[in-house]
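Worksheet: the structure to be examined is printed underneath.
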Amino acid sequence: MAEYTSETVTRTIRRWIVPAAEPWGAPADEIGKAWAVAERAYRDHHGLRDEESVAGDALRFHVTDDEVVIEFTTEARQDGTRP
Numbered sequence: 024m025a026e027y028t029s030e031t032v033t034r035t036i037r038r039w040i041v042p043a044a045e046p047w048g049a050p051a052d053e054i055g056k057a058w059a060v061a062e063r064a065y066r067d068h069h070g071l072r073d074e075e076s077v078a079g080d081a082l083r084f085h086v087t088d089d090e091v092v093i094e095f096t097t098e099a100r101q102d103g104t105r106p
């Protein structure tokens, strides 16, 4: 009988979206607000205290034609079972 394991991975992407229509773009204060809330959510999810640093690549910023998106991704794994 073959032996194997399996797992299920659930990926969650948290996003904060700031409108940035041309030709004006997104206001810095709105980017700052979204960034602060995204960082707080990241800290809460990972159990980081305020005095602990957040990795430089923890939050990702994506620019589209009409918005700026700030996001981070988490994954949860469930171990599989053997037959």
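Take 24 as the starting number for the sequence shown in this note's numbering and just add one per residue. Every residue gets a Cβ at the ideal spot worked out from N, C-alpha and C, and that includes glycine.
Beta carbon of residue i nearer than 7 Å to that of residue j
{"i": "R100", "j": "E30", "result": "yes"}
{"i": "R37", "j": "A64", "result": "yes"}
Between the CA atoms of residue j and residue i - distance to the nearest angstrom
{"i": "A1", "j": "V86", "result": "Only positions 24 to 106 of the chain appear in the structure, and residue 1 is not among them; the question remains open."}
{"i": "S26", "j": "V32", "result": "A small correction: the amino acid at residue 26 is Glu; Ser does not occupy that position in the sequence shown. Cα to Cα, the separation comes out at about 20 Å."}
{"i": "F95", "j": "P46", "result": "27 Å"}
{"i": "V41", "j": "T35", "result": "20 Å"}
{"i": "A49", "j": "G70", "result": "30 Å"}
{"i": "A51", "j": "E98", "result": "30 Å"}
{"i": "E23", "j": "T28", "result": "The shown model of the chain, from 24 to 106, leaves out residue 23, and the question about it has no answer."}
{"i": "R66", "j": "G79", "result": "13 Å"}
Limits of the unbroken alpha helix (DSSP H) element including residue i
{"i": "V60", "result": "51-69"}
Residue span of the beta strand (DSSP E) that contains residue i, given as start and end
{"i": "D102", "result": "90-102"}
{"i": "T33", "result": "30-42"}
Under the three-state DSSP convention, the category residue i falls into
{"i": "V77", "result": "coil"}
{"i": "R72", "result": "coil"}
Item to check | Three CB pairs or more closer than 8 Å across the segment 84-95 and the segment 57-69 | outcome: Segments in contact, yes.
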